[in-house]
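One structure is given below, encoded as structure tokens.
Number of protein chains: 2
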Amino acid sequence: MKLIVNKDKLNSSIQQVSKAISSRTTIQILGGIKVDAHTQGITLTASDTDISIQSTIPPQDGDTELFTIEQEGAVVLPAKFFVDIIRKLPEDTVEIEVKDGFQTMIRSGLSEIQLVGMDAEEYPLLPSMDVKEMVMMQSDLLKTMIRQTILAVSTQESTPILTGVLFNIQEEHIKLIATDRHRLATREASIRNDEGIDFNNIVISGKNLNELQKLLPDQDTIIEIVRADNQVLFNLGTVQFFTRVLDGIYPDTSKIIPQSYKTEMVVPAKPFLSAMDRVNLLSREERTNIVKMATLEDGKIEISSSSSELGRITEQLDLPSISGEPLKISFNSRYMLDALKTIDSEWIHLGFTGAMSPIIVKPKDETFQLHLILPYRTTG
Amino acid sequence: MKLIVNKDKLNSSIQQVSKAISSRTTIQILGGIKVDAHTQGITLTASDTDISIQSTIPPQDGDTELFTIEQEGAVVLPAKFFVDIIRKLPEDTVEIEVKDGFQTMIRSGLSEIQLVGMDAEEYPLLPSMDVKEMVMMQSDLLKTMIRQTILAVSTQESTPILTGVLFNIQEEHIKLIATDRHRLATREASIRNDEGIDFNNIVISGKNLNELQKLLPDQDTIIEIVRADNQVLFNLGTVQFFTRVLDGIYPDTSKIIPQSYKTEMVVPAKPFLSAMDRVNLLSREERTNIVKMATLEDGKIEISSSSSELGRITEQLDLPSISGEPLKISFNSRYMLDALKTIDSEWIHLGFTGAMSPIIVKPKDETFQLHLILPYRTTG
């Protein structure tokens, strides 16, 4: 292998795939990045077996040539040093030459680096995907949907299936669900499903979706989601993101969402978020995050929290609409804050079915997004 | 005490003094911020006994009134919650009212906070300073001088005196020195010393100078440095920064700086810094940070580092000037990188007195700044 490549393009591809490198891997070759150089493109691959990321540098970007290849080939280079050094090289281009025994020379200006490479033949193969098992959607929509549900995944390794987000796809409809048994977040949307594919019980770890989220382009880009046995491929164009699917059956959450309310209110999103932010400041000092919410006489609500050591905070809010029974309820301020931060709406609908029953948080007049928060059982 | 104060001004004063709050204090009242409200100004004080910071809000900023006081007084408020909540209050002004038993009400819009205050009479007094024991200098110059020496302070608590920077002031001249026994950094400058004060063996902990550095204004401001028995006060105008002086005698470092060289060279600052940055990337993987430097035949030098596991990096540099004996030397790449980052000059002068003797790093043609680095003893 011998080539000259644009430094910035090589660097951005390295940064993209390096998210799949685990520093704790015991498999030596997975501590490396595989470089495949062909005249059609230079492809970089990294994997920690849970996720695998591929990024391809095309021969041209518009009129600009991004690389020239003197000799095609492949090599695996140790990620540790490779990931940082390319960015710091002095010139705009980098020469890479693989010699006997996978010794690799990297040259740029008066810098010369000799890396101990590894045999690309020994690098594990990525799963082969049937491109027919595929749906298409907007990149920024998927990014938003992940952001609106990932907050509710469990961090408890004792229930591994709940550490993921459930992807349900049926006909032209996608729904994401996450729950840690104390709260639940769902988001639905339309999707392009030409092949009529069903996704059932596809659960992807929150940790992996967090990495995917960083790679999803914000612009108006269509991405493909391809399903295989125990893998899902997110095809972002020049970047391919493969993730393992979590084992196990995701619990049925459909029955815990109340269909009618005893108390309903519409709250202004920004003032409610900032009041909750202040109350949370004090409640987190107590480590319980307990906040109390009560309806007042004149269309107002009061939110409060107290700390035996520090003091007390009370917030009042004027509501445009409040109906049903008077209410006194306690809940986790952190959960409410997390939920509110994902709602991109001027008004928020809160629904209550009693002091011991789930609280529903939704954008007003919309049904595509929903948060459920279980209240605290408190005395008095 | 009862007052209404501009929220942003109160917040910035809180942020300034809060750097002196230690989360690990066992003295309850030092977990608080003292608020002294007088018509002449509202003064906030925080202290961890090692450093104390005072910030004063004046009655006016130009034509804008910054506070109105209904009743003067003082209280100590728990920093934990107070530091974060003020910034998040909904309105531009904040009302603070101290009631019986130091219960303090904070109001802004529909937010009401009740804080468990403490008796300001119990707050420790700051040292009284004799304002005659005072020198004056530019704030940004002091900031630069700290930045150029603090890198060399020791992190070893076994030699406490070396964890500080030595301040020497004699006549119209100030010199800062820091050393961890492996490297040394000095910086000198002129100072205004109307009272003819001498500072001898005044050593201030690097940790404290790091906090001071964040408070020093960048603009063209004159600050005062006031000396007392075991304290120094940096008077920055509306902010007063008190720091304890380290106990012990600072070692005499004057004799270790060589007066003549066996090899001298002038290197271009930016290319040398970036070459050293690349070499350091590999050498730090070996944890020893060893880099080798050698003069070549044709007015060039070569810098290299190798890792048994990863490979090798070699950098060459063309020098405009090199004289004396040929040289092969090994040193710590981190120390060189730290030193180079503090030199604001296009060309750097390197002086060597042999492979086992100190390396001197200076801006070319200048004597006000100097770094000394001890080489590694290596075989071959």
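The listed protein sequences correspond, in order, to chains A and B.
The numbering of the first sequence is the working numbering, which starts it at 1 and goes up by one.
The numbering of the second sequence is the working numbering, which starts it at 1001 and goes up by one.
Backbone N, C-alpha and C define an ideal beta-carbon position, used for all residues, glycine too.
Let's test the definition: count the other Cβ atoms within 10 Å of the Cβ of residue i and tell me whether it reaches 16, buried, or not, exposed.
i	result
residue 311/A	buried
residue 183/A	buried
residue 260/A	exposed
residue 1099/B	exposed
residue 78/A	buried
residue 1132/B	exposed
residue 1278/B	buried
residue 26/A	exposed
residue 28/A	exposed
residue 62/A	exposed
residue 34/A	buried
Against chain B, does residue i count as a neighbour if the rule is that its beta carbon must be under 8 Å from one of theirs?
i	result
residue 380/A	For residue 380/A, the predicted model reports a pLDDT of 48, less than 50, meaning its position is unreliable; a value from the coordinates is still stated below. Judged by the 8 Å Cβ criterion, residue 380/A is not in contact with chain B.
residue 311/A	yes
residue 296/A	no
residue 54/A	no
residue 286/A	no
residue 281/A	yes
residue 194/A	no
residue 277/A	yes
Can you name, in chain order, every residue of its own chain whose Cβ lies under 6 Å from the Cβ of residue i, other than the five neighbours on each side?
i	result
residue 265/A	319, 322, 350
residue 1335/B	1183, 1373
residue 1058/B	1041
residue 186/A	177, 370
residue 2/A	70, 71, 97
residue 1113/B	1106
residue 1304/B	1292, 1314
residue 36/A	43, 74
Quick check: the Cα distance between residue i and residue j, rounded to an integer number of angstroms?
i	j	result
residue 156/A	residue 263/A	33 Å
residue 148/A	residue 339/A	8 Å
residue 21/A	residue 1193/B	58 Å
residue 1006/B	residue 1067/B	6 Å
residue 1307/B	residue 1258/B	32 Å
residue 1219/B	residue 213/A	41 Å
residue 1125/B	residue 314/A	34 Å
residue 235/A	residue 301/A	47 Å
residue 1371/B	residue 1256/B	12 Å
residue 1055/B	residue 45/A	55 Å
residue 117/A	residue 73/A	13 Å
residue 1141/B	residue 43/A	50 Å
residue 1363/B	residue 204/A	56 Å
residue 1151/B	residue 1175/B	16 Å
residue 404/A	residue 232/A	In this structure chain A extends from 1 to 380, so residue 404/A is not present and cannot be described.
residue 1180/B	residue 1325/B	29 Å
residue 377/A	residue 1039/B	49 Å
residue 1153/B	residue 1163/B	5 Å
residue 1160/B	residue 1209/B	15 Å
Compare the C-beta of residue i with all C-beta atoms of chain A and state if any pair is closer than 8 Å.
i	result
residue 1314/B	yes
residue 1348/B	no
residue 1268/B	no
residue 1251/B	no
residue 1273/B	no
residue 1014/B	no
Could you name the residues of the same chain whose beta carbon sits closer than 8 Å to that of residue i, not counting the 5 residues immediately before and after it, in chain order?
i	result
residue 375/A	329, 330, 331, 355, 356, 357, 358, 359
residue 1272/B	1317, 1340, 1348
residue 1366/B	1345
Less than 7 Å between C-beta atoms, sequence neighbours within five positions excluded: which residues of the same chain meet that for residue i?
i	result
residue 229/A	none
residue 1199/B	1167, 1168, 1169, 1227
Say yes only if the C-beta of residue i is nearer than 7 Å to one or more non-hydrogen atoms of the ligand SAH, and no if none qualify.
i	result
residue 295/A	The ligand SAH is absent from the structure shown, which contains no ligand whatsoever.
Give the residues from the segment 1104 to 1116 of chain B that approach chain A closer than 7 Å (Cβ to any Cβ), ordered along the chain.
-> 1110, 1111, 1112, 1113, 1114, 1115, 1116
Which residues, in chain order, does the segment 1058 to 1085 of chain B contribute to contact with chain A at a C-beta distance below 7 Å?
-> 1078, 1080, 1081, 1084, 1085
For the segment 1317 to 1329 of chain B, enumerate the residues whose C-beta is nearer than 9 Å to any C-beta of chain A, in chain order.
-> 1317, 1318
Residues of the segment 1085 to 1097 of chain B with Cβ closer than 9 Å to any Cβ of chain A, in chain order | 1085, 1088, 1089, 1090
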